[in-house]
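If you're matching them up, the sequences are chains B and Y in order.
When we follow this note's numbering, the leftmost residue of the first sequence carries the number 274, and every step to the right adds one.
When we follow this note's numbering, the leftmost residue of the second sequence carries the number 15, and every step to the right adds one.
From the three backbone atoms N, C-alpha and C, an ideal C-beta is built for every residue, glycine too.
These figures come from a predicted structure and were not determined experimentally.
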Amino acid sequence: DAGVIQSPRHEVTEMGQEVTLRCKPISGHNSLFWYRQTMMRGLELLIYFNNNVPIDDSGMPEDRFSAKMPNASFSTLKIQPSEPRDSAVYFCASSSQADTQYFGPGTRLTVL
Amino acid sequence: SQQGEEDPQALSIQEGENATMNCSYKTSINNLQWYRQNSGRGLVHLILIRSNEREKHSGRLRVTLDTSKKSSSLLITASRAADTASYFCATDKAGANSKLTFGKGITLSVRP
Chain B
274 DAGVIQSPRH
284 EVTEMGQEVT
294 LRCKPISGHN
304 SLFWYRQTMM
314 RGLELLIYFN
324 NNVPIDDSGM
334 PEDRFSAKMP
344 NASFSTLKIQ
354 PSEPRDSAVY
364 FCASSSQADT
374 QYFGPGTRLT
384 VL
Chain Y
15 SQQGEEDPQA
25 LSIQEGENAT
35 MNCSYKTSIN
45 NLQWYRQNSG
55 RGLVHLILIR
65 SNEREKHSGR
75 LRVTLDTSKK
85 SSSLLITASR
95 AADTASYFCA
105 TDKAGANSKL
115 TFGKGITLSV
125 RP
């Protein structure tokens, strides 16, 4: 089992550019979570999906952020336009039966 | 505010000593989990304790849960330098439909 796969691992972009982060959950898991981690705010849940349906997006900072899960094996988190304060490590995690979450390696985003 | 608050924020011990980390939370929970994060990596699940359990063991890890005090502790016995990492507690709030809320973490340093 390859675990949760995220791409890219590192992204450096300029303010105003569109950023797309990708996640492939563990096969068979029916829940997918997007988190953001910063030193100041710790680990924040942005949005999570259950059976490809968004359940709770209350953590999405603002309209610049959007997430999709078109099928059970793929999800994207998009930031458009990006701002320097979006710089953080973004994690995707998946789980089954609403218990243990398995985290990907994260995408380190730097917005200049 | 954070559902889970870890204490202390940082802990430095000598190899071979025991490390005790605490977590307090505010609302009723289904379960409480502890995760570990090595620098630059994703979180890794360590142990889960359900609200009807009081103590659980896994190798050198021992977790206790006191629902009357809304607190949990993680004990790592006979610590090793490789245990150096950040440790997070996460609560699955009752009725929250698989959503976990993480604390800000404890940085554990084990000196060889």
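By the Cβ-count criterion, residue 20(Y) is buried, with 16 or more other Cβ atoms from all chains shown falling within 10 Å of its own Cβ. Among the CB atoms of chain B, none fall inside 9 Å of the CB of residue 97(Y).
364, 366, 368, 371, 372, 373, 374, 375, 376, 377, 378, 379: these are the residues of the segment 361 to 382 of chain B whose beta carbon lies less than 8 Å from some beta carbon of chain Y, given in chain order. When DSSP reads this structure, residue 340(B) sits in a beta bridge with 350(B). Per DSSP, residue 372(B) lies in no beta strand (DSSP E) segment and is marked neither H nor E. By the Cβ-count criterion, residue 309(B) is buried, with 16 or more other Cβ atoms from all chains shown falling within 10 Å of its own Cβ. Not flagged as an interface residue toward chain B: residue 101(Y), since no C-beta distance is shorter than 9 Å.
For residue 24(Y), the closest C-alpha among the options 78(Y), 41(Y), 87(Y), 35(Y) is that of 35(Y). In this structure, the straight-line span from the alpha carbon of residue 377(B) to that of residue 276(B) is close to 7 Å.
Contact residues of the segment 312 to 323 of chain B toward chain Y are 314, 315, 316, 317, 318, 321, 323 (C-beta to C-beta distance below 9 Å). At a C-beta separation below 7 Å, residue 119(Y) has these neighbours in chain B: 315. Distance check between residue 48(Y) and each of 124(Y), 103(Y), 114(Y) places 103(Y) closest, using alpha-carbon atoms only. A contact is defined here as three or more CB-CB pairs under 8 Å, and the segment 338 to 355 of chain B meets this definition with respect to the segment 282 to 299 of chain B. Each of 59(Y), 96(Y), 123(Y) was checked against the Cα of residue 105(Y), and the nearest Cα belongs to 59(Y). It is roughly 11 Å from the alpha-carbon of residue 38(Y) to the alpha-carbon of residue 82(Y).
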